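These notes are about the structure you will find just below.
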Amino acid sequence: MPSAPEAALSTPLLLSISALAIAILLLLIIRIRLHPFFALVIVSIGTALATGIGVSDLVSTLTGGFGKTLGNVAMLIGFGAVLGRIVAVSGGARVLSDTLIRICGRKRAPLGLSIAALLFCFPIFLDAAYVVMLPIIFAVARELKGSLLLYGLPVAGSALVMHALMPPHPGPVAAAVFLHADIGLVLFVGLLVGLPTWYVMGYRLAVWLANRTPFQPVPDVMGGEEDDGAPAPAFGTVLLVLLLPLVLIFLNTGISTLMSAGILPEDNALLEAFIVIGETPIALLISTCVAMWLLIFRRGITSPMDAINDIIEKALAPVCTIILITGAGGMFGGVLTASGIGNALAASLDAIGMPLILAGYLIASVIRIAQGSATVAGTTAAGIMAPAVLAQPELAGMPAACITTAIVAGAIGYSHVNDSGFWLVGRFLQVETRTMLRTWSVMSTGISLMAFGLAWVLFALVA
Numbered sequence: 011m012p013s014a015p016e017a018a019l020s021t022p023l024l025l026s027i028s029a030l031a032i033a034i035l036l037l038l039i040i041r042i043r044l045h046p047f048f049a050l051v052i053v054s055i056g057t058a059l060a061t062g063i064g065v066s067d068l069v070s071t072l073t074g075g076f077g078k079t080l081g082n083v084a085m086l087i088g089f090g091a092v093l094g095r096i097v098a099v100s101g102g103a104r105v106l107s108d109t110l111i112r113i114c115g116r117k118r119a120p121l122g123l124s125i126a127a128l129l130f131c132f133p134i135f136l137d138a139a140y141v142v143m144l145p146i147i148f149a150v151a152r153e154l155k156g157s158l159l160l161y162g163l164p165v166a167g168s169a170l171v172m173h174a175l176m177p178p179h180p181g182p183v184a185a186a187v188f189l190h191a192d193i194g195l196v197l198f199v200g201l202l203v204g205l206p207t208w209y210v211m212g213y214r215l216a217v218w219l220a221n222r223t224p225f226q227p228v229p230d231v232m233g234g235e236e237d238d239g240a241p242a243p244a245f246g247t248v249l250l251v252l253l254l255p256l257v258l259i260f261l262n263t264g265i266s267t268l269m270s271a272g273i274l275p276e277d278n279a280l281l282e283a284f285i286v287i288g289e290t291p292i293a294l295l296i297s298t299c300v301a302m303w304l305l306i307f308r309r310g311i312t313s314p315m316d317a318i319n320d321i322i323e324k325a326l327a328p329v330c331t332i333i334l335i336t337g338a339g340g341m342f343g344g345v346l347t348a349s350g351i352g353n354a355l356a357a358s359l360d361a362i363g364m365p366l367i368l369a370g371y372l373i374a375s376v377i378r379i380a381q382g383s384a385t386v387a388g389t390t391a392a393g394i395m396a397p398a399v400l401a402q403p404e405l406a407g408m409p410a411a412c413i414t415t416a417i418v419a420g421a422i423g424y425s426h427v428n429d430s431g432f433w434l435v436g437r438f439l440q441v442e443t444r445t446m447l448r449t450w451s452v453m454s455t456g457i458s459l460m461a462f463g464l465a466w467v468l469f470a471l472v473a
């Protein structure tokens, strides 16, 4: 472990260096338009040197934070991406949508689509999920002769909620790693916070905004859905594949909690086996393998291994950038800890009486507004807050999970023209920029505020 700087710097100087580092980071990303991965690495090096970390300790400090983060994050993101693509290519998204629209009825088709997106977006990232759902949105809008926004915006609301709050998405996973929060508890808090937030802000608010926007016709900008040529899977099969990782992860968290409370014995081999298969990487690996079997092999696809390998290649390539950015965020967080900036920030927050959960939300929100990327905002804010949170052992467990949720809530809100998701949704729906600001931006802000409010209430109950 690298040593701390020999000559301790004063708290005001450390905080000034921290503020300057964040300003330079935003300048590199926004003005110079340097890739966030390189920007985070460069700023990490500069911050380490400016705070007195010795040259002999520099590389170990950088790689320590980077490697520790990737060790926890890379597999989760990779398995989640593959699982999501298997469901997409097999036609699972269409099956979910058709079934839920049939259950909800034609008049409540936006609700059916939004629920389908909520399930489908658990393992798959926002941009990929939305592109997969677009042909379905277009087909439903044409069939029901409704405004495109009435169907597209609730789907976007579901995608935003899941991308913001739920592992294995990179923001909550990275924040949980930095704050030493249990992934199962983060998933539990994410559901408690996310489901009401989705219904009120991701669905109800989305429909309200769409109904107050001029009619939006369906544009001719989209090709067909992905199709592997085999019969579509059953609704129950798709639901099983999507819910299996949640069940396994909750199994791990539940058994571990009961063991800690002395209700279950700690030396039971069967319970220990359940804990192992419920560890998040193992749970996602098992779920992905089950998806391969049920959605590829069992459906009679020609050359199933070739199909699986093609799915894996196409799923992993787009997430490499996300994994590297997340690792670089961990590097920056490691530098903030090793330099003493984190402890200085913790002392300052304690002195002014600002709650840690509020500070984390505000920092994530400011970074999100300034540079647009939810992943960069969440990882950077969590890295900044980690020393302050870890310095208080009483915050371990549920309180840490609530702070994690609050940080990623700040990282998903206030979306505007510097957010790639803003343009992806707007361009595909052929919606004017001012309409996106009145709908998408308002919805993302509502999701952020409500998720943070619920996380704070839950934090107050458990802390």
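Numbering (my numbering), first residue to last: 11 to 473. For each residue, glycine too, the CB sits at the ideal point set by N, CA and C. Small disclaimer: the values here were computed from a predicted structure and weren't measured.
{"Check": "Residue from A470, W466 and T449 whose Cα sits closest to the Cα of G212", "Outcome": "T449"}
{"Check": "Beta-carbon proximity list for V51, same chain, < 7 Å, skipping 5 on both sides", "Outcome": "A338 and M341"}
{"Check": "L110 Cβ short of 7 Å to the ligand MG heavy atom set", "Outcome": "No copy of the ligand MG appears in this structure; indeed no ligand is present at all."}
{"Check": "Bounding residues of the alpha helix (DSSP H) (the contiguous stretch that carries S375)", "Outcome": "L366 to Q381"}
{"Check": "Whole-Å CB distance - W208 paired with G167, under 8 Å assumed", "Outcome": "7 Å"}
{"Check": "Reduced DSSP category for F342 - H, G, I as helix; E, B as strand; rest coil", "Outcome": "helix"}
{"Check": "Supposed close pair V2, V183 - CB separation, criterion 8 Å", "Outcome": "Within the shown structure, residues of the chain are numbered from 11 to 473, placing residue 2 beyond reach of any answer."}
{"Check": "For F76 and G233, the rounded distance between their alpha carbons", "Outcome": "Low per-residue confidence applies at G233: pLDDT is 46, beneath 50, and the placement is therefore not dependable, though the value from the model is reported in the following sentence. In a straight line, the C-alpha of G233 is about 39 Å away from that of F76."}
{"Check": "Best match in A419, A396, A421 and I422 for proximity to A410 [C-alpha to C-alpha]", "Outcome": "A396"}
{"Check": "Residue of L93, M143, I413 and K324 minimising C-alpha distance to V472", "Outcome": "I413"}
{"Check": "Reduced DSSP secondary structure (H/G/I, E/B, other) of G77", "Outcome": "helix"}
{"Check": "Of the residues L355, M460 and L160, the one placed nearest V476, counting alpha carbons only", "Outcome": "Because the chain here runs from 11 to 473, residue 476 falls outside it and cannot be looked at."}
{"Check": "Host alpha helix (DSSP H) of F198 (start-end)", "Outcome": "I193 to T207"}
{"Check": "L24 to T73 span [Cα, whole Å]", "Outcome": "22 Å"}
{"Check": "R112, DSSP secondary structure in three states", "Outcome": "helix"}
{"Check": "Identity of the residue in V150, P22, G420 and I27 nearest V228 by Cα", "Outcome": "V150"}
{"Check": "Cutoff 7 Å; reference L215; Cβ partners in own chain excluding five residues on either side", "Outcome": "M453 and G456"}
{"Check": "Endpoints, the alpha helix (DSSP H) within which A391 is located", "Outcome": "A384 to L400"}
{"Check": "Coil, strand or helix - I417 by DSSP", "Outcome": "helix"}
{"Check": "Rounded C-alpha distance that separates L86 from E323", "Outcome": "16 Å"}
{"Check": "Within the stretch 240-303, ranges of the alpha helix (DSSP H) (whole runs, at least 4 residues)", "Outcome": "245-270, 279-288 and 290-302"}
{"Check": "CA nearest to the CA of A416, picked from P403, V441, Q381 and L372", "Outcome": "L372"}
{"Check": "Length of the line joining the Cα atoms of I40 and T61", "Outcome": "25 Å"}
{"Check": "Residue burial classification, V248 (beta-carbon count within 10 angstroms, cutoff 16)", "Outcome": "buried"}
{"Check": "CB of L106 within 8 Å of CB of C114, strictly", "Outcome": "no"}
{"Check": "R222 versus I318: straight-line alpha-carbon distance, rounded", "Outcome": "44 Å"}
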